[in-house]
Amino acid sequence: MVSEAAVGKHIGSILTKLDLPPADETHRRVLAVLAFLRA
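Each residue of the sequence shown is one higher than the one before, starting from 1 at the first, in full-length UniProt numbering.
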């Protein structure tokens, strides 16, 4: 079983590698999907 914290940590790492740093005004997961769709 994978904990919620572990999943959050891995997602955060992936988003950072995609150059999507944490920000209050944007949703990084949405930006990641948009970047994927543009590629």
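No residue lacks a Cβ here, since even glycine has one placed at the ideal position from N, Cα and C.
Measure the Cβ-Cβ separation of Leu-20 and Ala-32 and say whether it is below 7 Å.
Translated into positions along the sequence shown, residue 20 becomes position 20. Translated into positions along the sequence shown, residue 32 becomes position 32. Going by C-beta atoms, Leu-20 is nearer than 7 Å to Ala-32.
Sort Ala-6, Glu-4 and Arg-29 by Cα distance to Lys-17 and report the nearest one.
By one-based count along the sequence shown, residue 17 stands at place 17. Per the Cα distances, Arg-29.
Tell me the rounded alpha-carbon separation between Ala-35 and Leu-15.
Within the sequence shown, numbered from 1, the residue matching residue 35 stands at position 35. Within the sequence shown, numbered from 1, the residue matching residue 15 stands at position 15. Each residue's alpha carbon lies about 11 Å from the other.
Under three-state DSSP, which class holds Thr-26?
Numbered from its first residue, the sequence shown carries residue 26 at position 26. Thr-26: coil per DSSP, three-state reduction.
If you reduce the DSSP assignment to three classes, tell me which class Ser-13 lands in.
Walking along the sequence shown from the start, residue 13 turns up at place 13. The answer is helix: DSSP assigns Ser-13 an H, G or I state.
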